[in-house]
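Data first, discussion second: the structure below is written as structure tokens.
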Amino acid sequence: MLDRLEQITERLIVDQHTAKQYFVNGQTSNARAILNDSIDEAISDLKAVIDEWYYHQNAR
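Using the UniProt record's numbering, the first residue of the sequence shown is number 1, and each one after it goes up by one.
Next up, the structure:
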């Protein structure tokens, strides 16, 4: 589970850096799209991690 959380965090960091480059180059709509997609994906992945954790906690 911690590996998955680290992967989610790493993806957010990479996407943030990518979005920053677009923003610096004046492509704010592209930067915004990257961040929105990244955040949506991270939320979805976090929900899956929480659901899996909850399932394993209640399976005991």
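The beta-carbon is built from N, C-alpha and C at its ideal position, and this holds for glycine as well.
Cβ-based neighbour list, residue i, same chain, cut-off 6 Å, excluding 5 preceding and 5 following
{"i": "residue 64", "result": "Nothing about residue 64 can be reported from this structure: the residues present for the chain run from 1 to 60 only."}
Among the options, nearest to residue i - alpha-carbon criterion
{"i": "Arg4", "options": "Val49, Leu12, Gln57", "result": "Val49"}
{"i": "Ala19", "options": "Asn30, Glu10, Arg11", "result": "Asn30"}
{"i": "Tyr22", "options": "Arg11, Gln57, Ile34, Ile13", "result": "Ile34"}
{"i": "Ile13", "options": "His56, Ile39, Gln57", "result": "Ile39"}
8 Å Cβ shell around residue i - same chain, five flanking residues per side excluded
{"i": "Met1", "result": "Val49, Glu52, Trp53"}
Original post:
Taking only runs of the beta strand (DSSP E) that begin and end inside the region 5-40, which ones reach a length of at least 3 residues, in chain order?
Top reply: Here no run is fully enclosed.
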